[in-house]
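Asks:
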Amino acid sequence: MVCCNVDAHDFRSLMMGGGTARHQLNFCGIRSQIDNTELMCADSSTGKWFRWERVSSVGKSGIGVFPAEPPPCAAATLCKDSPLKTGKLALLATLTAALAFGGLPAANAVATAPAPPTEIQDPAVPSTSGEATPDGTALPTQDATEPALPEATDPAHVQAPSEVASPAPEPVPAAEMAEQAETAETEDDGYVYVPVGEGHVVPGPDTPLVTEKDGSIRSAVESEHEHVEPMLARGGAASMLAAPARAGNIKVTLVRATVNGNGNLVNLPAARNSITSANNYWRSMSNGRLSMSIASERVHYSSTANASDDYATMMNKIAKELKWVDKPYTALVVFVPTADLRSGGYGGILGGGWTVGGTAGRILMPAPSSFTNNVVTHEVGHVLGLLHANSLQCTNGRQDVGSGNGGRWADGACTSREYGDTTDLMGSAQYNQPVINSYFWDAGNFGRGNEITDGGRAGTPRTYTLRPWGGTAANRAVKFTDPRSGDTYYIELRQPAGYDQYLQSGPSGNRGVKIVRADKANSWAVNSLIIPPSTRPFAGYYNGRHAWQAGQTFTTHAGTTVRINSVSAASASVTVTGPVTYDHSLRTVSPGDFNGDGSADLVSRRTDGTLWLSPGNGKGSFSSPRRIGSGWEIFNLIIGPGDYDGDGRNDLVARHVDGSLWLYSGTGVVGGSNEGYRPGRKIGAWGWDDFQRIIAVSNVNGGGPDLLAVRPNGQAFLYSGTGRGEHGPSSAAGTGWNQYNLLVGTGDFDGDGRPDVIGRTSDGSIVLRPGRGNGSFAAGSVIGTGWNVYSEILSGFDFDRNGRPDLIGRSPNTSLVFYSGTQKITQGYAAAVSTSTPGLGQAVKTLSVSDFNGDRRPDLLSIRRDGTLWLHPGQGKGAHGSPQRIGSGWNIYREVTSPGDFNGDGLADLIAVTHDGTLWFYAGTGKVDSRNEGYKPAFRIGTGWGIFNQVLGSPDLNGDRRPDLLARHRDGSLWLYRGTGRVGGGAEGYSPGLRIGNYGWENLVLTAAGTYDQDGTNDVLARTPDGALLLYRGQGNGTFRSAQNVGTGWNIFRELLGTPDTTGDRIPDLLGITPAGATRHYAGDGMRNEGYQQGRSAGKTG
26 MVCCNVDAHD FRSLMMGGGT ARHQLNFCGI RSQIDNTELM CADSSTGKWF
76 RWERVSSVGK SGIGVFPAEP PPCAAATLCK DSPLKTGKLA LLATLTAALA
126 FGGLPAANAV ATAPAPPTEI QDPAVPSTSG EATPDGTALP TQDATEPALP
176 EATDPAHVQA PSEVASPAPE PVPAAEMAEQ AETAETEDDG YVYVPVGEGH
226 VVPGPDTPLV TEKDGSIRSA VESEHEHVEP MLARGGAASM LAAPARAGNI
276 KVTLVRATVN GNGNLVNLPA ARNSITSANN YWRSMSNGRL SMSIASERVH
326 YSSTANASDD YATMMNKIAK ELKWVDKPYT ALVVFVPTAD LRSGGYGGIL
376 GGGWTVGGTA GRILMPAPSS FTNNVVTHEV GHVLGLLHAN SLQCTNGRQD
426 VGSGNGGRWA DGACTSREYG DTTDLMGSAQ YNQPVINSYF WDAGNFGRGN
476 EITDGGRAGT PRTYTLRPWG GTAANRAVKF TDPRSGDTYY IELRQPAGYD
526 QYLQSGPSGN RGVKIVRADK ANSWAVNSLI IPPSTRPFAG YYNGRHAWQA
576 GQTFTTHAGT TVRINSVSAA SASVTVTGPV TYDHSLRTVS PGDFNGDGSA
626 DLVSRRTDGT LWLSPGNGKG SFSSPRRIGS GWEIFNLIIG PGDYDGDGRN
676 DLVARHVDGS LWLYSGTGVV GGSNEGYRPG RKIGAWGWDD FQRIIAVSNV
726 NGGGPDLLAV RPNGQAFLYS GTGRGEHGPS SAAGTGWNQY NLLVGTGDFD
776 GDGRPDVIGR TSDGSIVLRP GRGNGSFAAG SVIGTGWNVY SEILSGFDFD
826 RNGRPDLIGR SPNTSLVFYS GTQKITQGYA AAVSTSTPGL GQAVKTLSVS
876 DFNGDRRPDL LSIRRDGTLW LHPGQGKGAH GSPQRIGSGW NIYREVTSPG
926 DFNGDGLADL IAVTHDGTLW FYAGTGKVDS RNEGYKPAFR IGTGWGIFNQ
976 VLGSPDLNGD RRPDLLARHR DGSLWLYRGT GRVGGGAEGY SPGLRIGNYG
1026 WENLVLTAAG TYDQDGTNDV LARTPDGALL LYRGQGNGTF RSAQNVGTGW
1076 NIFRELLGTP DTTGDRIPDL LGITPAGATR HYAGDGMRNE GYQQGRSAGK
1126 TG
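Going by this note's numbering, the sequence shown opens with residue 26, and the numbers climb by one from there.
(1) E817 to G834, Cα distance in whole Å?
(2) Does the stretch 743–756 touch the stretch 663–681, meaning 3 or more C-beta pairs lie closer than 8 angstroms?
(3) Cα-Cα, which of N1070, N457, K345, T402 is closest to Y567?
(4) According to DSSP, simplified to helix, strand and coil, what is A546?
(5) Report the option in T851, G959, H994 whose CA atom is closest to the CA atom of V1071.
(6) Rounding to the nearest angstrom, what Cα-Cα distance links G811 and S790 in this structure?
(7) Going residue by residue through the stretch 590–677, where are the continuous beta strand (DSSP E) segments of at least 3 residues, counting only ones entirely within it?
(8) Apart from the five residues on each side of it in sequence, which residues of its chain come closer than 6 angstroms, Cβ to Cβ, to F822?
(9) Hey, could you find the ends of the alpha helix (DSSP H) G406 is sitting in?
(10) Just curious, the alpha helix (DSSP H) that P294 is in, first and last residue?
(11) Rank V280, T301, N285 by C-alpha distance to the C-alpha of V291 and give the top, closest one.
(12) Measure the Cβ-Cβ separation of V460 and W307 and say whether it is below 8 angstroms.
(13) Kindly indicate which residue of S756, S723, G739, L977 has the alpha-carbon position closest to the one of P795.
(14) Going by beta-carbon coordinates alone, are D683 and G772 separated by less than 8 angstroms?
(15) Going by DSSP in three states, M339 sits in which element: helix, strand or coil?
(16) Please return the same chain residues whose Cβ sits closer than 8 angstroms to the Cβ of T1099, not counting the five positions on each side in sequence.
(17) Between the beta-carbon of I388 and the beta-carbon of A337, is there less than 8 angstroms?
(18) Report the residue from H582, P562, A498, Q520 whose alpha carbon sits nearest the alpha carbon of G511.
(19) Report back the beta-carbon spacing between A330 and P362 to the nearest angstrom; my notes put them in contact at under 8 angstroms.
(20) Checking 8 angstroms against the spacing of the C-beta atoms, do Q764 and G1116 come in under that value?
(21) By how many angstroms is the C-alpha of Y854 removed from the C-alpha of G1097?
(22) Provide the residue span of the alpha helix (DSSP H) that contains A468, from first to last.
(23) Would L116 be called buried (16 or more neighbouring beta carbons within 10 Å of its own) or exposed?
(24) Have a look at V874 and D884 and give me their C-alpha separation to the nearest angstrom.
(25) Can you give me the C-alpha to C-alpha distance between G1041 and L1081, rounded to a whole angstrom?
(26) Is DSSP giving L865 helix, strand or coil here?
(27) When the Cα atoms are used, what is the spatial distance from W7 to S428?
(28) Taking Cβ to Cβ, would you say G770 is nearer than 8 angstroms to P780?
(29) Helix, strand or coil for G1111 per DSSP?
(30) Going by DSSP in three states, A270 sits in which element: helix, strand or coil?
(31) So the candidates are W1000, G846, G1004, R995; which of them puts its Cα closest to the Cα of S923?
(32) Helix, strand or coil for A115 per DSSP?
(33) Measure how close the beta-carbons of P988 and G1035 come, nearest whole angstrom, since I'm counting them as under 8 angstroms.
(34) Provide the residue(s) that pair with G899 in DSSP beta bridges, ordered along the chain.
(35) So what does DSSP say about G776, is it helix, strand or coil?
(36) In whole angstroms, what separates the C-alpha of W713 from that of S820?
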């Protein structure tokens, strides 16, 4: 049966077999009944129906028209004055021709007609209010169209969704009726449907609850806890990871669909009103950044979805029929006429939702009920990246629990009850729309961003004032981090305000302080977890005792307490106190002269909390320790600042485990009943535990000693001393201080009159950070290595009375090593001395060689632009004589270097690399005169060296006493070619290359190699583009320690060469060559002046 409905003119035209219908034709059942030979049409002016059918007699056939009763599809109505759709006209013409000329074609025969559009958009939905959404489309206000809320009673006592009668069928607009055409077979248009997986449902009061054997209670339907990739792009279970702050209008396609087994359509105003309600809610939660508007409304008669389908199956069938494609800031909202949805054989489900990247998704809803506005708004929460508001449930009643393994809590008696927080929109379905909790607010970046105070790590007691969470006040909630577990907790006040106004008539146990955290047993998504005053299982879906009341105290599983001081309708007061952990580690400080005898002393806190004084003898060692106190385990940091309160006697400063700072003023008397200090005085209330390290530094700006405090992120602050036993204001002291695992204030360590700081890096190097005298410190230079053998390094005072600050290292076994300070620090070389080296102004390449002419002095070789090679005989101390020409044609080489004696004959040799990467060896002769050029003819020793952009000859780097080659690859890696001492007879003089540096060397110029620190192994110097000079200390095995900055400003030189010893001290030197060819000589000092003398034993602290 095929039905049409046309106006009178078109009907008469069709009856006469002529004319063209000029109005929209509307069909029902066309494609499902295409093989039928009947066509029924109604005259819209009279409402009478006629049946067309083919009639035939012997030798003849034709069309007969007969009066008829209205067929089942008679509900079709005429949509006046809309253009004729091309596809519909073509299809009607096909049907008419078929009836006239011999029957209907097969289904695929009409596929050549233009396919009906996959989406029909109605004219703009009329608005009953003037409120405009961000895209300009008006929506009716919630008050204007939303059904009145029922009395605030237990939902179990009102009509459940399954009891809501289905609305009577309503007339279907013509444009919506066109959806029926989508059930026909069409040609492949390339569309690929992306299915959704198990989504996130909202159980209703009729959804069964399951009581487990241990007494815990859960809903029979729960979200699938499957792993999902972050921000999954279409389909699958929704990703609920936190999204950045979002802004925009979500365009809703609102679909009312029928399913096999229920052909009714849901009430359109109720469906529209649910979108309006969700729009109003999320605009409020997002501070106006997010909104929703109905972009199109559709009616869809599903041919595949069944009333008994699980909700995910139903959504997949309908969305596939609709050819739905998920796009950012779009949402598909489908209402079906069933009273509820089903999952896993259970009914009572009031909605299901999926997200696509936190700004798009799909929602499936049953027929509207009193819960619909809540549920649609809840499902939009899923679209925006939130999952469910769960409740901690412990059958043993414990207050809090840590996370275990495999999505479980550490205590097997505890579970997360999904939907259990019914004071939250993302909990179980209800008539109201509570405000989402502060954890969801924070995770989803809702609101303005200033609603939640970040209390940081809990420590010393801190009191906070809360304001109603449903209101609009800034800092109305607080979050803190438990210092032991690292878990973050959110505290908020729930009182009637805003969307929480419903609490006015609800259970009083839900008005008060609410404590929420992330549900770490369900960390696969953004689930929240309320911690109610009682975690024992509650009956039914709704708990009336979610909030904490005045006088109650919550304790985290790691020991932080939250005391509820007071609760009122307008505010609440809570105090958060971190757990107390005493420090039983061994600590030693140098307070200076603590007992008044004129010598600097040491003070140690032992593991039992007792305090001991080790008196100094003025010679860098210490007498047997003497006990001067107990109970010091309450402090996790002890500092010896010197005289902090300005009374002429040295003091102690200590940080309590609760983060407060205390001063113990020294008395200068130790003996008998005198412990050397007065009772402690608190000088910092709280917050000092935010710093990873605190050290005392000599006064910078006048007053008393200063404190340098470093946060874990490496940011440092200098708290100026006042000389009154308290600190003054702070100033920023730079970043990057977290590269040091130990810091110590040294006083004026380098003799420039300004206090300095020493830091130790993870590899055991100690770095001097010279003070600038203004509260900041210069970049560091390494003044020693191997200091990681010490547990503590002490300084800041003169222990041997030589007028200079010293260093003391304390080993784990409490033994001490004393290093007397010298206040003399160099970077490995003496000051520059201008020297004479004629002829270098014409050179394009210069290289340093050990004795090349046999006079036992290091020389220079230079290559000029014309390819001539010149010898500059060394005269000692960086000076050189007049140049002698010793060759030509050397401009064929890209690189020339001298490794020293490369073939083992005791003479300095040369190695050169051509532009094609061939490696050539020139054996030195040790003779340069009118007949001798100093080298033998070239011998090829390798190919393929074009992959390297620098080759440097080096003394022995791997401990075999033969010179080596270093090569820098084009990719920035560094390679070592170990010398063999054999060249010729098939021997190339080196072993296969070893990569000894991965990447990063491409920005460095290899400058020199030699034993610059005089430790018996050869080092490498390299220069950066900005002129910094880096020392890589050799380890004797072909590898190097981390770079040490040993100078800046070296980019003034055209070339910087490492030369063998030219001063007779057996220490290699440096020679800088300016662009004009002038030379400056830097005598090496072996890095002997690092600010301290060789260490010696100084006793023990215990």
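Even for Gly, the Cβ is constructed at its ideal location relative to N, Cα and C. Every value quoted in this text rests on a predicted model; they were computed, and no experiment measured them.
Replies: Per the coordinate set shown:
(1) 6 angstroms
(2) yes
(3) N457
(4) helix
(5) T851
(6) 6 angstroms
(7) 597–602, 612–617, 626–630, 636–639, 651–654, 660–667
(8) S615, G617, A625
(9) 397–408
(10) 293–310
(11) V280
(12) no
(13) S723
(14) no
(15) helix
(16) I1077, F1078, R1079, R1105
(17) no
(18) H582
(19) Between P362 and A330 the Cβ distance is about 11 angstroms, and since that is not below 8 angstroms, they are no contact.
(20) no
(21) 13 angstroms
(22) 463–468
(23) Reliability fails at L116, whose pLDDT of 37 lies under 50, so the model's placement of it is uncertain and the value that follows must be treated cautiously. With 16 or more Cβ atoms within 10 Å of its Cβ, L116 is classed as buried.
(24) 5 angstroms
(25) 23 angstroms
(26) helix
(27) This structure cannot settle anything about residue 7, because the visible part of the chain is limited to 26 through 1127.
(28) yes
(29) coil
(30) coil
(31) G1004
(32) Its pLDDT being 37, under 50, A115 is placed unreliably by the model, and nothing is read from it.
(33) Not confirmed; about 11 angstroms, so no contact.
(34) H905
(35) coil
(36) 23 angstroms
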